[in-house]
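Worksheet for the structure shown next.
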Amino acid sequence: MLITMPDWIEHIDHTGDAGFIVQADSLSGLYERAAWAMFAEVITDIETVRPRKAFSFQLDADDPEALMLAWLSGLNFRHITEELVFCRFEVTRIQPDHLEAVAYGEHIDAGRHEIYTEIKAVTFHELRISRQGDLFTARIIFDL
Amino acid sequence: MTSRDLKKINDALWEIPRQGGMRVPARIYATEKMLPAILSDKAPEQAMNVAHLPGIINYSLAMPDMHWGYGFPIGGVAAFDLQDGIISPGGVGYDINCGVRLMASNLKRQQITGKMPELVTELFNSVPTGVGAGGRLTVSKAELKKVVRQGARWAVARGYGSESDLEYIEESGCVDGCDPAAVSAHAYARGSKQLGTLGSGNHFLEVGYVAEIYNPKAAAALGLFLDQITVIIHCGSRGFGYQVCDDSLGIMDKAGRKYGISLPDRQLACAPISSPEGQQYLGAMRCAINYAFANRQAIAHFTRMAFERALAMPPEEIGLRTVYEVAHNIAKFETHLVNGERKKVCVHRKGATRAFAPGSNEIPAAYREVGQPVLIPGDMGRYSYVLVGTEQAMQYTFGSTCHGAGRALSRTKAKKQARGRNIGRELQDRGIYVIGKSRRTLDEEIPEAYKDVSHVVDACARAGISRKVAQLRPLGCIKG
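In structure tokens form, the structure reads like this:
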């Protein structure tokens, strides 16, 4: 488990579910950090995950919020169905309605990776992406 | 919202009068003592939002364990007219047909004293919890289509349990009207490795004993006696159901606009029951309902095997049989008395349990005199309850009651309270042997993270929507 939480993540205290607010100085950085936060804060001890393989993602959605939902849901889907864990994320192309990215990780090794919990879904509840000057913020709530 | 916004109907029932776009009033089942906690989150506003939905009948109802949910509050019950009404995935939840099975044995508590570590370890090794644990029943997509058509019957036909289990499951473990073609490839992919797995979060398998009996006649009908060893299985439709819900939200969001349904909250996304979108969701949701029935049936079988191995006893001596299994996240077409006439309606129960009265044809013959068993789990450290349904539930809540304790603390706050403590050790000191796949889950699920479930069931009993039969106390538990 992480001993210190990066200062760009803030937990949302929500009875029953889990959520956080993530900040970054670019839109691509925001999507990268949101993915990192999901794996590090909700799914596993990300320090134990090695970036052994690269997995590509290419997604389209109606708006930046729906794109965030598709990105995180897509990662969660591959985590569950292919039994993968990820530790590094690189968004290579970003538009308000299109994302291309590479996630680095490996297959779950029960001996090394503790899976804390299973995310049922990334929700639209209070999902917001905003920008103030050079600071991008995303608010994300998961159903656990 | 404050208590001044509520109209007192009686000691255990409060009404939020119709206002704004509400088509009917909202009604909250709770004692006065429970109101401050209930009013501290947005669940009452969510109950009001539900009252806006087209075709809602009589009231938007909330049970005493109500708390914030996605769209509908958890603990929400609402019935809709089949012609004018809607179906809403937010009224069912992500974990479609999440539910509880109660099993009871021939064993008394004294017979397994000292054997709990072996038994719980065997259960933990026999019942996979979820991601990374390796499912025991990996099934192909073609086989999964049989699972979702046949529900618990699929499991029984493959040797997981017996025919006699089926009679004691709500809907006999299989609903009609499923449409496997309405389910996405993603849902099949998520479901293929998770059949027979418990899942994480608040899902659990608990070994306990009957600690108190409040209603000897009903307890006898259910085959329950003091100190009897019991098992509670709490889980649902796993990734299959989560994905069915997730897939439907986008479709419903568009459908709501298409049919001109004005919503106070986008998460109430819904479609007319008769619309193609509504029918598609119903067909997919029913597949997930059956997946969950098959899932709990398989887990019940693994549980029996684990008991036999850990206790080195033959199955006849253990006698682990299904008392009953209920669903608490579901939408179903049921016949209820509406304005004096029997009418088929679509009842949404989201974190609420069916609680049919004595005499109902839908309940097993052996229980028809006492009413449908209702199973209300508490937390890892205190107690759970067995209730039965009542005539008042049929009259006032479309045959529904509460489903559990409800969280008192967020996961973050629970983890803070658990910091520096060894939760497993603390519970063991209280005679409860617990194994969790992740230590973090145990921390998040500490007993004090939950409200006292006895307050919830007492409120239901006071309101008359169910009657207390027995209290069960935990001896051991596995958590995902």
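Top to bottom, those sequences are chains A and B.
Sequential numbering of the first sequence, starting at 26, is according to this note's numbering.
Sequential numbering of the second sequence, starting at 52, is according to this note's numbering.
Each residue gets a CB set at the ideal place from its N, CA and C atoms; glycine is no exception.
Only a predicted model underlies this, so the values are computations on that prediction, with no experimental measurement involved.
Cα-Cα separation between residue i and residue j, rounded to whole angstroms
i	j	result
Lys59(B)	Glu66(B)	6 Å
Met26(A)	Val507(B)	Bear in mind that a pLDDT of 42 at Met26(A), under 50, signals an unreliable position, so the number given afterwards is only what the model happens to contain. Spanning the two alpha carbons is a distance of roughly 35 Å.
Arg372(B)	Asp42(A)	34 Å
Ser155(A)	His379(B)	37 Å
Glu96(B)	Ile37(A)	20 Å
Cys321(B)	Gly329(B)	8 Å
Gly455(B)	Asp50(A)	43 Å
Pro315(B)	Arg308(B)	13 Å
Arg153(A)	Ala521(B)	46 Å
Gly17(B)	Ser461(B)	Residue 17(B) lies beyond the residue range present for chain B, which begins at 52 and ends at 531; the question has no answer from this structure.
Gly440(B)	Phe407(B)	5 Å
Cys410(B)	Arg419(B)	Before going further, note that residue 410(B) is Gly rather than Cys in the sequence given. Whole-angstrom Cα-Cα distance: 5 Å.
Lys78(A)	Arg118(A)	20 Å
Tyr436(B)	Leu55(A)	46 Å
Val374(B)	Lys401(B)	23 Å
Gly150(B)	Arg405(B)	11 Å
Ile28(A)	Phe111(A)	Residue confidence is low: Ile28(A) scores 43 on pLDDT, short of 50, so the model does not pin down where it sits. Its coordinate-derived value is still stated next. Approximately 19 Å between the Cα atoms of the pair.
Ala514(B)	Asp146(B)	28 Å
Ile381(B)	Asn100(B)	19 Å
Ala206(B)	Ala349(B)	6 Å
Ser81(A)	Ala232(B)	29 Å
Arg74(B)	Glu496(B)	38 Å
Arg164(A)	Met63(A)	12 Å
Tyr332(B)	Ser299(B)	6 Å
Ser235(B)	His132(A)	25 Å
Gln70(B)	Leu195(B)	46 Å
Gln120(A)	Glu35(A)	25 Å
Cys511(B)	Leu160(A)	50 Å
Ile284(B)	Arg152(B)	5 Å
Arg490(B)	Gly202(B)	33 Å
Ala403(B)	Asn176(B)	31 Å
His399(B)	Trp33(A)	40 Å
Nearest residue (CA-CA) to residue i, options the options
i	options	result
Ala59(A)	Glu131(A), Ile140(A), Gly99(A)	Gly99(A)
Lys268(B)	Gly475(B), Gln479(B), Pro424(B), Tyr80(B)	Pro424(B)
His352(B)	Glu96(B), Gly72(B), Leu256(B)	Leu256(B)
Thr148(A)	Gly127(B), His254(B), Cys296(B), Ile108(B)	Cys296(B)
Glu263(B)	Ala271(B), Gly252(B), Asp278(B), Ala272(B)	Asp278(B)
Ile71(A)	Arg137(A), Leu97(A), Leu160(A), Ile165(A)	Arg137(A)
Thr73(A)	Gly130(A), Phe161(A), Ile166(A)	Gly130(A)
Pro428(B)	Asp146(B), Cys286(B), Gly202(B), Leu112(B)	Cys286(B)
Ile414(B)	Ser325(B), Gly450(B), Ile474(B)	Gly450(B)
Leu170(B)	Cys229(B), Ala206(B), Met303(B), Arg355(B)	Arg355(B)
Cys229(B)	Ser288(B), Ile340(B), Ser213(B)	Ile340(B)
Ile312(B)	Gly136(B), Trp119(B), Ala94(B)	Gly136(B)
Val116(A)	Phe102(A), Leu92(A), Trp33(A)	Leu92(A)
Arg204(B)	Tyr219(B), Trp119(B), Lys192(B)	Tyr219(B)
Tyr239(B)	Gln162(B), Pro115(B), Tyr310(B), Met336(B)	Met336(B)
Pro168(B)	Arg472(B), Ala416(B), Leu362(B)	Leu362(B)
Lys394(B)	Val421(B), Ala416(B), Gln446(B), Arg433(B)	Gln446(B)
Cys528(B)	Arg491(B), Lys502(B), Gly432(B)	Gly432(B)
Under 7 Å between C-beta atoms of residue i and residue j
i	j	result
Leu438(B)	Lys519(B)	yes
Val182(B)	Ile105(A)	yes
Ala357(B)	Leu174(B)	yes
Ser517(B)	Thr463(B)	no
Thr171(A)	Gly252(B)	No answer is possible for residue 171(A): the residues shown for chain A start at 26 and end at 169.
Arg470(B)	Ala500(B)	no
Arg78(B)	Leu104(B)	no
Thr281(B)	Pro179(B)	no
Leu86(B)	Met52(B)	no
Trp96(A)	Leu52(A)	no
Gln83(A)	Thr162(A)	no
Leu526(B)	Val261(B)	no
Gly212(B)	Gly290(B)	no
Residues that residue i contacts on chain C, provided the C-beta gap is smaller than 7 Å
i	result
Ser251(B)	No chain C appears in this structure, whose protein chains are A and B.
Would you check if there are 3 or more beta carbon pairs closer than 8 Å linking the segment 119–129 of chain B to the segment 155–165 of chain B?
-> no
Taking one C-beta from the segment 176–196 of chain B and one from the segment 374–391 of chain B each time, how about it: are there three or more such pairs within less than 8 Å?
-> no
Scan the segment 174–234 of chain B and note each continuous alpha helix (DSSP H) run of 4 residues or more that stays entirely inside, going in chain order.
-> 192–201, 203–208, 214–217
Between the segment 134–150 of chain B and the segment 481–490 of chain B, do at least 3 Cβ pairs fall closer than 8 Å?
-> no
Taking contact to mean at least 3 C-beta pairs separated by less than 8 Å, is the segment 78–91 of chain B in contact with the segment 133–150 of chain A?
-> no
Touching or not, the segment 332–346 of chain B and the segment 219–229 of chain B, by the rule of three or more beta carbon pairs under 8 Å?
-> yes
Contained alpha helix (DSSP H) runs [length at least 4] in the segment 53–113 of chain B, N- to C-terminal order = 86–90, 94–101
Kindly confirm or deny that the segment 126–134 of chain B and the segment 98–109 of chain B touch, where touching means at least three C-beta pairs closer than 8 Å.
-> yes
Whole beta strand (DSSP E) elements within the segment 359–405 of chain B, 3-residue minimum = 372–378, 380–389, 392–401
Whole alpha helix (DSSP H) elements within the segment 473–513 of chain B, 4-residue minimum | 474–480, 490–495
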